[in-house]
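What follows is one structure encoded as structure tokens, with my remarks underneath.
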Amino acid sequence: MQRSAEIFWVFLRLGCIAFGGPVAHLGYYRRWFVDDRQWLTDAAYAQLMALSHMLPGPSSSQTGFAIGLHRGGLAGGLAAWVGFTLPSAVIMIAFGVGTMAFAELGNAGWLQGLKLAAIAVVANALYGMARQLCPDRPRALIALGAAMGVSFMPGIAGQVSVIVAGGLVALLIMPPPSVNDVDGPTPLSPRIGIVALALFGIGVMLVGLPVLDIAPAWAALYRSGALVFGGGHVVLPLLESGLVNPGLIEGDRFLAGYGMAQAVPGPVFTFGGYLGTQALPDMPIWAGLLGVVTLFAPGLLLMAGLLPFWGHVSRYARAQQALLGINAAVVGLLAAVLWDPLLTGGIRQLSDAGIAGAALAALSLGRVPAYLVVAACAALAQLLTYLPSG
């Protein structure tokens with residue numbers, strides 16, 4: 001119990017200052033837990049990162065969860081996740097409750113600014129992901145095909161299809177990558193791993209059954225968490241397809257919440273807390289907490305399930321080869337959602353394009369922190385509402 005409390009407080013402190021997205025989070029982890037506290041070695045940390053990047057889900061949160069597992073077992077993993085997630089989850093749920101005072105968000109200038117900030121953040125993420133995940137012609141073609149495919153076949157079925165197709169195409173046209181033979185740490189027993197994988201599988205089966213038609217928002221959150229490869233921003237098209245297209249959440253509210261998620265420390269997946277408040281406004285706090293847990297659960301269950309077996313799985317070059325194509329396909333998914341709904345729904349006039357373009361330049365060229373860019377977009381868009389139109 002004492003060790004779990006230590007893990008919780010360390011990760012809580014980190015969750016309050018961890019701005020900058022998943023890449024920055026991984027840098028914090030290495031400095032805090034490898035260099036400063038020596039909770040694990042560089043080799044063990046590299047293996048945890050490798051596994052988190054091979055699994056669907058929020059990679060930085062999965063890595064933090066695995067560090068907690070390595071340090072304190074299952075209780076330590078849960079303590080790490082709760083501590084790191086709590087600050088941003090509280091902010092996002094509070095923001096969701098606060099937006100209920102606005103009957104029509106489309107007319108709120110500052111919320112329009114959040115949507116414009118989301119455009120810049122996603123465009124910047126898309127550029128970085130494309131450079132890293134599509135560095136050659138085969139993967140660039142997979143990404144292009146995925147973007148075109150999901151445009152012609154919208155919805156969750158189309159998204160799953162292009163992800164699977166990306167992996168299959170990579171197996172056919174790409175050489176297998178080199179394989180790391182270092183065994184990763186295995187703090188959990190195989191029995192716990194099997195239970196976690198079984199729970200993940202039960203959840204996947206349940207979201208496809210008609211019984212969950214009575215709770216479509218939660219099914220969409222779990223499904224999205226189970227399909228996100230390539231980082232937190234990729235959750236956007238999956239959630240948009242599962243929540244906005246069926247009319248469960250208004251598009252303006254969805255994009256405003258996503259913009260706000262860029263301004264808080266910690267994981268982007270706490271966006272699920274905001275979405276929970278919007279999906280069930282009669283009991284927003286409980287719904288927000290349920291939204292956070294539902295969106296995170298698939299990735300955490302997979303990490304707990306596969307970590308005991310990672311030393312064996314990581315030696316299969318074909319699995320890593322397929323992952324190259326899957327990652328390229330999610331770049332195409334993100335490109336498609338940047339166009340629709342972000343650009344088509346967020347740019348209403350010339351000034352909107354100017355704000356979004358300036359925000360993108362600040363992020364990519366000026367290296368301005370995302371939370372400052374988000375705040376500036378919200379303030380500038382609100383100021384423009386006070387100017388006489390025409």
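Mapped onto the UniProt record's numbering, the consecutive letters of the sequence shown carry residue numbers 1 to 390.
Every residue, glycine too, gets a C-beta built ideally from N, C-alpha and C.
> Candidates L360, L238, A215: which alpha carbon is nearest G225's?
Replying inline: L238
> Can you tell me whether DSSP reads R348 as helix, strand or coil?
Replying inline: coil
> For W39, does the three-state DSSP call read helix, strand or coil?
Replying inline: W39 carries a coil assignment under DSSP once its states are collapsed to helix, strand and coil.
> Would you call the segment 327–347 and the segment 244–258 in contact, with 3 or more CB pairs under 8 Å?
Replying inline: Contact holds between the segment 327–347 and the segment 244–258, because three or more Cβ pairs, one in each stretch, are under 8 Å apart.
>> With the cut-off set at 7 Å, would you say P176 and Q321 are in Cβ contact?
In response: Contact flag set, yes.
> Expressed to the nearest angstrom, what Euclidean distance is found between the alpha-carbon atoms of R139 and T270?
Replying inline: 30 Å
> Candidates R191, Q278, V160, V162: which alpha carbon is nearest W218's?
Replying inline: Nearest of R191, Q278, V160, V162 to W218, Cα basis: Q278.
> For L323, which residues of its own chain have a beta-carbon under 6 Å away from its beta-carbon, when the five flanking residues on both sides are left out?
Replying inline: M54
> Is the segment 113–124 touching the segment 294–302 in the sense that three or more CB pairs, one from each, lie closer than 8 Å?
Replying inline: With fewer than three CB-CB distances shorter than 8 Å, the segment 294–302 does not count as touching the segment 113–124.
> So, using beta-carbon positions, are I355 and F229 closer together than 7 Å?
Replying inline: No.
>> Taking the straight line between their C-alpha atoms, what separation do you get for residue 403 and N124?
In response: Residue 403 cannot be examined here, being either before or after the span of the chain that is shown, 1 to 390.
> DSSP on G68, reduced to helix/strand/coil?
Replying inline: Here G68 sits in helix by DSSP.
> Of the choices G201, P284, R253, whose alpha-carbon is the least far from that of L114?
Replying inline: R253
> Does DSSP put F19 in a helix, a strand or coil?
Replying inline: coil
> Between which two residues does the alpha helix (DSSP H) containing C377 stretch?
Replying inline: 370–384
>> Taking its Cβ as the centre, do 16 or more other Cβ atoms sit within 10 Å of M303, making it buried, or is it exposed?
In response: buried
> For M174, which residues of its own chain have a beta-carbon under 8 Å away from its beta-carbon, when the five flanking residues on both sides are left out?
Replying inline: P138, R139, Q321, L324, G325
>> Helix, strand or coil for D252? Go by DSSP, reduced to three states.
In response: helix
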